[in-house]
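K.L.:
Quick one: the structure is below, and I'll ask about it shortly.
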Amino acid sequence: MPARYRAMIGDDGRFHAPAFDVAGYAEAIDRCRSRYPQLRIMFEAELGEPHWHPTQVRSLLDGYPFDRIIGSLHSLVEGSAFLVVDRAFGIHDADHVVRLPERGAAHGRVDGCL
């Protein structure tokens, strides 16, 4: 593993990625748009598991004019249990799984930013 990545592994053994430099990303998009006006360059982001980080997600979305946001869910709340989505499809009908986020929001268990 390259040294720059080894340095991001904490005492807990987990990888701690550096914070996303959204201001730098926005500046790079603006530079590219100025340099290549004939291209449609969109300002986009993917938010993995946004329901676990509602405050940071809201701050990001309120602070920058994204053209598109893609969200991804890998785990959901059902009652008092957490379900990994691929396992949820093994025990529930697809219709039930895809409606879990809205069921959670109706019961105050999932932030409304989804």
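Under this note's numbering, residues 333 to 446 are what the sequence shown spells out, in order.
Even for Gly, the Cβ is constructed at its ideal location relative to N, Cα and C.
Note that the coordinates shown come from a computational prediction; the quantities given were computed from them, not determined experimentally.
1. When burial is assigned at 16 or more other CB atoms within 10 Å of the CB, is G440 buried or exposed?
2. Going straight from the alpha carbon of V429 to that of V354, what length do you get?
3. Exposed or buried, what is F347 when buried is set at 16 or more other beta-carbons lying within 10 Å of its beta-carbon?
4. Quick one, which of Q370, E376, Y368 has its alpha-carbon nearest V357's?
5. Can you tell me the Cα-Cα spacing of D343 and P369, whole angstroms?
6. According to DSSP, simplified to helix, strand and coil, what is R400?
7. Tell me the residue span of the alpha helix (DSSP H) that contains A377.
8. Going by Cα to Cα distance, which pick from F398, I373, R372 is closest to L379?
9. Helix, strand or coil for F347 per DSSP?
10. Give the secondary structure of A413 by DSSP, where H, G and I count as helix, E and B as strand, and everything else as coil.
P.N.:
Taking the definition as stated:
1. Residue placement at G440 is flagged as unreliable, the pLDDT there being 45, under the threshold of 50; the coordinate-derived value follows with that caveat. With fewer than 16 other Cβ atoms within 10 Å, it is exposed.
2. 32 Å
3. exposed
4. At residue 357 the sequence reads Tyr, which differs from the Val that was named. Answer by Cα proximity: E376.
5. 47 Å
6. strand
7. Element bounds for A377: not the alpha helix (DSSP H) but the beta strand (DSSP E), 376 to 380.
8. F398
9. strand
10. strand
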